[in-house]
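Undergrad: Following the numbering used here, the numbering of the sequence shown begins with 26 at its first residue and continues without gaps. A virtual CB, placed ideally from N, CA and C, is assigned to each residue, including glycine. Just passing along the structure, written as structure tokens.
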Amino acid sequence: MDAWFWLVKVLTTGMGETLSDFLAHTVGPVPAVAAAGLLLAVALLVQLRLRRCVPGMYWAVVVLVSVFGTMVADVAHVALGVPYAVSAGGLAVALAALFLLWHRVEGSLAIDRVTGLRRELFYWAAVLLTFALGTALGDLTAATLHAGYLLAGLGFAVLITVPAVAARARWVGPVAGFWWAYVLTRPLGASFADWLGVGADRGGLALGTGPVSLALAVLMAAALVLSTRAHRRRTASGRSTA
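What follows is the structure, encoded as structure tokens:
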């Protein structure tokens, strides 16, 4: 995956975090969860029916997964009283079990082999669990461990370099490195987004979750446009040298 993919991924995680909080406080937690779940189901159905890669549709689903995954982790903690350490541990076990089942059934977790309905269902289930797990890890670090959002974000920024170094040094395979980094993008983007959006009483800059969500959406759209242009230039260059 190129740098554009990871940039857009981090932007979607931040946007999902602040948009989830904004919707929960604006329309209420129950309607917000119900609406996000319905939109995710519809978008995922459209995505599964597509026979080619449509970046806008793909990232729309990722944003909705981000919003819904955040809400699932938050509801478990706020409404059900489940500690973040417990939810993070449970989600990590669930993700590991899903990876084992996926590998047993399909023989590989590589995303370049995600073709066909069954593999796509495995992929999107894994994406949803990574977002929920990342949310729990981020809140565990920032709130339960009292690191604060800024320090948590800086910590995850350092940690996310580990899978890149490990994959480059061949300490882990590229597939393991990818999913390792994929999980960490969630608390990375969410921690910085929370720091920008929440009030000073929670250690943030109090810019507001709504404005931060809008700003991240604009940045994500711009990154997608630039990514598409860069891909077209590479494709054209490859054809011209063929």
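(1) Put Arg77 into one of helix, strand or coil per three-state DSSP.
(2) Less than 7 Å between the beta carbons of Phe47 and Leu65, yes or no?
(3) For Ser252, name the three-state secondary structure that DSSP assigns.
(4) Would you tell me roughly how many angstroms separate the C-alpha atoms of Ala231 and Trp204, rounded to the nearest one?
(5) Pop quiz: Gly178 and Trp220 are said to be a contact at Cβ under 8 Å. What is the actual Cβ separation, rounded to whole angstroms?
(6) Is DSSP giving Gly178 helix, strand or coil here?
(7) Would you mind sorting Ser133 into buried or exposed? The rule is 16 or more other CB atoms within 10 Å of its CB.
(8) For Thr210, which residues from the same chain have a beta carbon less than 8 Å from its beta carbon, with the 5 sequence-adjacent residues on both sides left out?
(9) Consult DSSP for Thr140 and reduce its assignment to one of helix, strand or coil.
(10) With 16 as the cutoff for other CB atoms within 10 Å, does His102 come out buried or exposed?
(11) Who are the near neighbours of Val130 in its chain, counting only those whose CB is closer than 8 Å to its CB and skipping five residues on each side?
(12) Can you tell me the Cβ-Cβ gap for Ala167 and Ser216, rounded? I've got them flagged as a contact below 8 Å.
(13) For Val27, count neighbouring Cβ atoms within 10 angstroms of its own Cβ and tell me buried if that reaches 16, exposed if not.
(14) In or out: Asp99 buried (at least 16 other Cβ within 10 Å) or exposed?
(15) Considering only their Cβ atoms, is the gap separating Gly53 from Val88 smaller than 7 Å?
(16) Note down, one range per segment and in chain order, each alpha helix (DSSP H) of at least 4 residues found wholly within the segment 57-117.
(17) Can you give the Cα-Cα distance for Thr234 and Ala248, rounded to whole angstroms?
(18) Please report the straight-line C-alpha distance between Arg195 and Pro188, rounded to a whole angstrom.
(19) The alpha helix (DSSP H) spanning Asp219 covers which residue range?
(20) Cutting at 6 Å between CB atoms, please list the residues of its own chain near Trp152, excluding the five before and the five after it.
TA: In this structure, then:
(1) Coil.
(2) In this structure, Leu65 does not lie closer than 7 Å to Phe47 by Cβ.
(3) It is helical.
(4) If I take the Cα positions, the gap works out to 32 Å.
(5) Between Trp220 and Gly178 the Cβ distance is about 6 Å, and since that is below 8 Å, they are a contact.
(6) In the displayed model, Gly178 falls within a helix according to three-state DSSP.
(7) Ser133 comes out exposed.
(8) Contacts found: Trp31, Lys34, Val35, Thr38, Gly159 and Ile185.
(9) Coil at Thr140, not helix or strand.
(10) Result: buried.
(11) So the qualifying residues of the chain are Arg143 and Phe147.
(12) The beta carbons of Ala167 and Ser216 sit about 6 Å from each other, so the pair counts as a contact at 8 Å.
(13) Residue identity differs from the one stated: residue 27 is Asp in this sequence, not Val. It counts as exposed.
(14) So Asp99 counts as buried.
(15) No; because the gap between Cβ atoms is not below 7 Å, this pair is not in contact.
(16) For the segment 57-117, the continuous alpha helix (DSSP H) assignments of 4+ residues that do not extend past its boundaries occur at 80-103, in sequence order.
(17) When rounded, the distance between both Cα atoms is 21 Å.
(18) Between Arg195 and Pro188, the C-alpha separation is close to 10 Å.
(19) Per DSSP, the continuous alpha helix (DSSP H) segment holding Asp219 begins and ends at Pro199 to Gly222.
(20) Here the sequence assigns Val to residue 152, which means Trp is not the residue at that position. Here Val152 has Val90 as same chain residues with Cβ atoms under 6 Å from its own Cβ, once five neighbours each way along the sequence are excluded.
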